[in-house]
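Protein chains: 2
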Amino acid sequence: MKKLTLTAMAISLSISLFAQEKADQPTLQKIRQEGLENSKIMDIAFQITDVAGPRLSNSPGLKRAQDWAVQQFTSWGLKNVHLEAWGEFGRGWQIDKYYAATTLPYYHAIIGAPKAWTPSTKGPIKSEVILIKADTITDLAPYKGKLAGKIVLFDQVTLQPLAPSYKPDVVRYSDSTLNKMAEAEIQPQGQRSPRAGAANNMMAQMMKMRATRAAMASFMKDEQVGMILSYARGSYGTFFTSNGAPYALNATPVSPELEISAEDYLHILRLLRAGQKVEMEADIRTSFYDQDPQGYNVIAEIPGTDRKLKEEVVMIGGHYDSWHSATGATDNAAGAAVMMEAMRILKTIDFKPKRTIRIALWSSEEQGLFGSRGYVAKHFGDPKTMVLTKDQKKISAYYNLDNGTGAIRGIYAQGNTAAAPIFKEWLSPFQDLGATTVTLSNTGGTDHLAFDALGIPGFQFIQDPMDYNTRTHHSNQDTFDRLAEEDLKRAATIVATFVAHTAERKDQIPRKELPKAPEAPKK
Amino acid sequence: MKKLTLTAMAISLSISLFAQEKADQPTLQKIRQEGLENSKIMDIAFQITDVAGPRLSNSPGLKRAQDWAVQQFTSWGLKNVHLEAWGEFGRGWQIDKYYAATTLPYYHAIIGAPKAWTPSTKGPIKSEVILIKADTITDLAPYKGKLAGKIVLFDQVTLQPLAPSYKPDVVRYSDSTLNKMAEAEIQPQGQRSPRAGAANNMMAQMMKMRATRAAMASFMKDEQVGMILSYARGSYGTFFTSNGAPYALNATPVSPELEISAEDYLHILRLLRAGQKVEMEADIRTSFYDQDPQGYNVIAEIPGTDRKLKEEVVMIGGHYDSWHSATGATDNAAGAAVMMEAMRILKTIDFKPKRTIRIALWSSEEQGLFGSRGYVAKHFGDPKTMVLTKDQKKISAYYNLDNGTGAIRGIYAQGNTAAAPIFKEWLSPFQDLGATTVTLSNTGGTDHLAFDALGIPGFQFIQDPMDYNTRTHHSNQDTFDRLAEEDLKRAATIVATFVAHTAERKDQIPRKELPKAPEAPKK
């Protein structure tokens, strides 16, 4: 298969092609001025993070943030503003009290959080911490009848001491990294990883581990254990949350479970391994919300004005939900705020787009891109069968932002060789902001995939990593403090121009070949 | 004044001088083997940190650690093992419970700790957080009568948002930095900073600020404020403690005061500034220990065996006390453990020193080098009058370790030009450990200064900074996890050889000119 690089393509496409690729100059000028000089990005981000709080799927925090967005969109004069159900998610959940400390060998307050969707302790509890050495369910037999009300910690023999990090927490992409991205070859579509065998093997192991874990969880629940302590990745007071307990309305009940900072976990583990008695007290209260199991996205529009083209749509979005141990500033209040600010900019400069512009703030991205997948399933078709709706053809492109607070440095063309040179042209005015890279590479893990899976051009921007991977992504330290104002301003400005270009362009954004259905269409 | 560099000196001193500078080769060999291959350093550090806990001056944690050290020294067969009072310190203090969280606009558990020596809250408290805008005591007038039982936070207008750090948290010294240290010129003794005027000015400002603060603290106490929130430097869940409240037996009572992480403080501050209501709950319990206000050092010896020289002493030490929000692993369990391990090594290899070797684990270093200063005042003389005891002449040298967990890279000769080449020679076998740098520079801030002030050669080793300045020094993250095993092993080995050399050397370590008395001797 012939491989193309972007540079080769860019040269092969003549300038004449680009005449139709631009929104008009005065519009671009106004976007830039409003975005860089009258930005409201930090006010928006403040509301989503500090004011609304953690935004776990279907939690009161997410509801607060959604209600605020509806009110905000309405006050800006957007149309068709509404919460739109995408399907059944399950129960909401939030923390009402977190308190945990060792009381022996001495008092020490513990940094941590209950795992999402785990229940309260039976009021304030106090117990010796029991070290459990068990890799399999049969290893648990000796503990039977001894754990009721007890706080337990598993001796993870493979757990390594924390290693010092000689690298900075916060990084930006270097020119050379960006150049490599720009030169990346297109990944042939449908090509599977060459190590599919290894992946299957890993998957089998994971399934086995998951089964063991489920059996152990069930044992713990039956034994009426007081609380389980879990190791949370991270260091220096930062900890990362992992997947919580099941959130389905009919989920099997689990034990109270705390994720605690690596330092606190290792502290207790070292003491227990040395035969020291460790005692803890804890008081965890969590609430479940079962009343409305539907999940919702926030939708709003700037209606198109062209007689023909207004039926077509440019979509932008980012997920609005977060994990529970912080206010999800970089994951993904940042992306949501940038997209909201892009809408505000376009509305404020009184842009009258040919095509309709629609923003979607997704929910339940963290549990599996549910909000965006539910939305596209409802509106555009079924990715399993590739039976598509009429509306699938009307979406010119979807642009997503969900890689933290870092400056936009360009865009992932997601293997769309025809779109790439168009984006290259659109980014050319942003040389001063360092945002000119177009890569054919795919990027995954977020909501543009839901569109891509249905053959709708879906893109995610390239962003400087900052401290996303080292400190903030799913951590207790994903707070407003992490937001880089200048980067976010610029991001909103760039996104707004992409939206304007896409809305004004004569043709829709070119599409890749339609993905093949993994399942045959149902009759 | 002629300035000397160490390189120039090293060249000018002929090799003949060094014949007497060495302990015998088999002893050095045994030290190296025991120190690097049979190390007990991590066991020792584990006891001081994880098992004993935080070791604030006169706290039960320090007492536990001291009792353990006495028992450990005794079990190793050291002599003259005892706790020795250095003078009156004041009250002990410890945390018995720490719980704080916002409850409005939503629930969020706060990372923090009570300031050392602050009192308990009046049981569990719950209150709106009141934003106080006041730079002077008169600015407080409008708050009179409104703060009883309330949680308050000062609007520090100069407080900056947290800035991203593009530098690594953990660093080691580069060769070029070490070379620069080695080339440092001697700082002429008694020379004051050229900016004494500026310093006086700063001091005056500080005194004024301190007076304002005291007046404000008194206002808060009189108003029976429920709790004061203080901004703690740091980021990502790490916070640094600062000086606490007075610890004297007759200290003026203060209000309960929490230091909370920068993220949590700024979170509340942003909300309050935006006019959002913030409510908090807290339950702080602290205990004071007034029974024995004396401060103690732990002392132990390996007695000298030479008929004449055994009256002379080589001293090593490090402070044993810590701050309260962690287990003080790098400040200074590391240094204390290294010094203890050095004693263990020397005892284990059955070293029979000519001079007596004495270890001192100081207390109350954190409040002003009180343990070491009290000790030298009792044994060696008064630095204010420079009236000296007979014993002052008997201490050949004092070696200190208190700059974290980092590898020893050399030693600060503290302006002692005659000692420097001796140390250079002693370090020459440690090229493989990267520990060969001798600098004439002074280093301050720790217990060797107490000796230096009385004309006794007192030295501190050069150590790789690691994360001492960025993450651990006085922070809630100064835990066992931060200890670098290999570095500590090597440090103990190097220190043990310094002790052996000093114990065996024909002459004492050469002395600098005696400091001049800042006050005339009392009659």
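Heads up: the protein sequence lines correspond to chains A and B, in order. Numbering follows numbering that gives the first Met the number 0, with no gaps: position 133 of the first sequence is 132. Numbering follows numbering that gives the first Met the number 0, with no gaps: position 425 of the second sequence is 424. Yeah, the Cβ is synthetic: ideal placement off N, Cα and C, and Gly gets one too. Values in this document were obtained by computation on a predicted structure and should not be read as measured data.
Q: Could you confirm whether any beta carbon from chain B is found closer than 9 Å to the beta carbon of I493 of chain A?
A: To locate residue 493 of chain A, count along the first sequence from 1; it is residue 494. No, because no Cβ of chain B sits closer than 9 Å to the Cβ of I493 of chain A.
Q.
Mapping the DSSP letters down to three states, classify G236 of chain A as helix, strand or coil.
A. Along the first sequence, one-based indexing puts residue 236 of chain A at 237. Three-state result, G236 of chain A: coil.
**Q.** Whole-number beta carbon distance between A325 of chain B and N475 of chain B, since they are thought to touch under 8 Å
**A.** Along the second sequence, read from residue 1 onward, the residue named residue 475 of chain B stands at position 476. Along the second sequence, read from residue 1 onward, the residue named residue 325 of chain B stands at position 326. Contact between N475 of chain B and A325 of chain B holds, with the beta-carbon distance rounding to 5 Å and staying under 8 Å.
Q) Can you name, in chain order, every residue of its own chain whose Cβ lies under 8 Å from the Cβ of T102 of chain A, other than the five neighbours on each side? A) As a position in the first sequence, residue 102 of chain A is number 103, starting the count at 1. Within the same chain, K125, E278, M279, E280 come within 8 Å of T102 of chain A by CB-CB distance, once the 5 residues on both sides are set aside.
Q. Within 9 Å (strictly less), CB to CB, does P167 of chain A reach chain B?
A. Within the first sequence, numbered from 1, the residue matching residue 167 of chain A stands at position 168. True, the Cβ-Cβ gap to chain B drops below 9 Å.
Q. Tell me which same chain residues have a C-beta within less than 7 Å of the C-beta of K96 of chain A, skipping the five on either side of it?
A. Taking the first sequence and counting its residues from 1, the one referred to as residue 96 of chain A is at position 97. Closer than 7 Å at Cβ, skipping near neighbours: D282, I283, R284.
Q) Within this structure, are the beta carbons of P583 of chain A and A502 of chain A separated by less than 9 Å? A) It is not possible to answer for residue 583 of chain A, since the shown part of chain A is limited to 0 through 522.
Q | Neighbour flag for F238 of chain A against chain B, beta carbons, 9 Å | A | Mapped onto the first sequence, residue 238 of chain A falls at position 239. A Cβ of chain B is located within less than 9 Å of the beta carbon of F238 of chain A.
Q. Per DSSP, which one or two residues make a beta bridge with Y230 of chain A?
A. Taking the first sequence and counting its residues from 1, one reaches residue 230 of chain A at position 231. Under DSSP, Y230 of chain A forms a beta bridge with A:I259.
Q. By DSSP, does K511 of chain A sit in helix, in strand, or in coil?
A. Residue 511 of chain A sits at position 512 when you count from the first residue of the first sequence. In the structure shown, K511 of chain A adopts coil according to DSSP, grouped into three states.
**Q.** Per-residue DSSP class, three states only, for D95 of chain B
**A.** Taking the second sequence and counting its residues from 1, one reaches residue 95 of chain B at position 96. In the structure shown, D95 of chain B sits in a strand (DSSP, three-state: E or B).
Q. Chain A partners of A332 of chain B, CB-CB under 7 Å?
A. Along the second sequence, one-based indexing puts residue 332 of chain B at 333. Within chain A, no residue has its CB atom less than 7 Å from the CB of A332 of chain B, the nearest being about 13 Å off.
Q.
Taking only three categories from DSSP, how would you classify V494 of chain B?
A. Here residue 494 of chain B refers to the residue found at position 495 when the second sequence is read from its first residue. Of the three classes helix, strand and coil, the one that applies to V494 of chain B here is helix, per DSSP.
Q. Between E300 of chain A and the rest of its own chain, which residues show a CB-CB distance below 7 Å, the 5 nearest in sequence each way excluded?
A. Taking the first sequence and counting its residues from 1, the one referred to as residue 300 of chain A is at position 301. Excluding residues within five positions, the ones whose Cβ falls inside 7 Å are L77, K78, N79, T355, I356, R357.
Q) Is any beta-carbon of chain B found at less than 9 Å from that of E36 of chain A? A) On the first sequence, position 37 is the one that residue 36 of chain A refers to. With 9 Å as the cut-off, E36 of chain A does not count as an interface residue toward chain B.
(Q) Less than 7 Å between C-beta atoms, sequence neighbours within five positions excluded: which residues of the same chain meet that for D320 of chain A? (A) Translated into the one-based positions of the first sequence, residue 320 of chain A becomes position 321. For D320 of chain A, where only same-chain residues beyond five positions count, the Cβ hits under 7 Å are R54, L55, S56, L61, S362, S363, E364, E365.
Q. Exposed or buried, which one is Y235 of chain B when buried takes at least 16 other CB atoms within 10 Å?
A. If you number the second sequence from 1, residue 235 of chain B lands on position 236. Label assigned to Y235 of chain B: buried.
Q: May I have the straight-line CA-CA distance separating G373 of chain B from T445 of chain B, to the nearest angstrom?
A: Walking along the second sequence from the start, residue 373 of chain B turns up at place 374. Walking along the second sequence from the start, residue 445 of chain B turns up at place 446. Taking the straight line from one Cα to the other gives about 14 Å.
Q) With a cut-off of 9 Å, does the C-beta of L270 of chain B fall near any C-beta of chain A? A) Within the second sequence, numbered from 1, the residue matching residue 270 of chain B stands at position 271. Taking a beta-carbon distance threshold of 9 Å, L270 of chain B counts as an interface residue toward chain A.
Q: Give the DSSP-derived three-state secondary structure of H500 of chain A in the structure shown.
A: Residue numbering aside, residue 500 of chain A sits at position 501 when the first sequence is read from its first letter. H500 of chain A: helix per DSSP, three-state reduction.
Q. Between the stretch 446 to 474 of chain A and chain B, which residues of the former have a C-beta closer than 8 Å to a C-beta of the latter?
A. Listed by position along the chain: M465, D466, R470.
Q.
Please give me, in chain order, every unbroken run of the alpha helix (DSSP H) with length at least 4 that falls completely inside the stretch 246 to 320 of chain A.
A. With a minimum length of 4 residues, the unbroken runs of alpha helix (DSSP H) contained wholly in the stretch 246 to 320 of chain A fall at 261 to 272.
Q: If I'm right that T590 of chain B touches A483 of chain B with Cβ under 8 Å, what's the distance once you round it to whole angstroms?
A: The structure shown does not extend to residue 590 of chain B, since chain B is modelled only from 0 through 522, so no value can be given for it.
Q: Step through the CB atoms of chain B and report whether any lies within less than 9 Å of the CB of E262 of chain A.
A: As a working note, residue 262 of chain A is residue 263 in the first sequence. At least one chain B Cβ lies under 9 Å of E262 of chain A.
Q) Around the Cβ of T157 of chain A, are there at least 16 other Cβ atoms within 10 angstroms (buried) or fewer (exposed)? A) By 1-based counting over the first sequence, the position of residue 157 of chain A is 158. Exposed, by the Cβ-count rule.
Q.
Please list the terminal residues of the continuous alpha helix (DSSP H) segment that includes A344 of chain A.
A. Here the question's residue 344 of chain A lines up with position 345 in the first sequence. Looking at the sequence itself, residue 344 of chain A is Ile, so the reference to Ala does not match. 333 to 347 is the span of the alpha helix (DSSP H), which, as asked, contains I344 of chain A.
Q: Determine the chain A residues that contact Y105 of chain B at a beta-carbon separation under 7 Å, and present them in chain order.
A: Here the question's residue 105 of chain B lines up with position 106 in the second sequence. In chain order, G52, G60 make up the part of chain A whose C-beta sits under 7 Å from the C-beta of Y105 of chain B.
Q: Taking F218 of chain B as the reference, give the member of B:Q159, B:I131, B:V498, B:Y172 with the closest Cα.
A: Here residue 218 of chain B refers to the residue found at position 219 when the second sequence is read from its first residue. When the alpha-carbon of F218 of chain B is set against those of B:Q159, B:I131, B:V498, B:Y172, the nearest one is in B:I131.
Q. Terminal residues of the continuous beta strand (DSSP E) containing T438 of chain A?
A. Here the question's residue 438 of chain A lines up with position 439 in the first sequence. That run of the beta strand (DSSP E) goes 436 to 438.
Q. Which term fits V498 of chain A, buried or exposed, when burial requires 16 or more other beta carbons within 10 angstroms of its beta carbon?
A. As a working mapping, residue 498 of chain A is identified with position 499 in the first sequence. Under this definition V498 of chain A is a buried residue.
Q.
Do I150 of chain A and L268 of chain A have their beta-carbon atoms positioned less than 9 Å apart in this structure?
A. Start at 1 with the first residue of the first sequence, and residue 268 of chain A comes out as number 269. Start at 1 with the first residue of the first sequence, and residue 150 of chain A comes out as number 151. Not closer than 9 Å, so no.
Q. With 16 as the cutoff for other CB atoms within 10 Å, does A575 of chain A come out buried or exposed?
A. The requested residue 575 of chain A does not occur in the structure, where chain A is confined to residues 0 to 522.
Q) Are V337 of chain A and I40 of chain A close, meaning C-beta to C-beta below 9 Å? A) By 1-based counting over the first sequence, the position of residue 337 of chain A is 338. By 1-based counting over the first sequence, the position of residue 40 of chain A is 41. Against a cut-off of 9 Å, the Cβ pair of I40 of chain A and V337 of chain A comes out as a contact.
Q: Would you tell me roughly how many angstroms separate the C-alpha atoms of M342 of chain A and A68 of chain A, rounded to the nearest one?
A: Translated into positions along the first sequence, residue 342 of chain A becomes position 343. Translated into positions along the first sequence, residue 68 of chain A becomes position 69. Looking at the backbone, the Cα of M342 of chain A and that of A68 of chain A are separated by about 12 Å.
Q: Compute the Euclidean distance between the alpha carbons of A147 of chain B and E127 of chain B, then round it to the nearest angstrom.
A: As a first step, residue 147 of chain B is located in the second sequence; it is residue number 148 there, counting from the start. As a first step, residue 127 of chain B is located in the second sequence; it is residue number 128 there, counting from the start. Separation of A147 of chain B and E127 of chain B (C-alpha to C-alpha, rounded to the nearest whole angstrom) is 12 Å.
Q | When A:Y467, A:K515, A:A434, A:P113 are compared against S173 of chain A, the one with the closest alpha-carbon | A | For this step, residue 173 of chain A is matched to residue 174 along the first sequence. For the residues A:Y467, A:K515, A:A434, A:P113, the minimum Cα distance to S173 of chain A belongs to A:A434.
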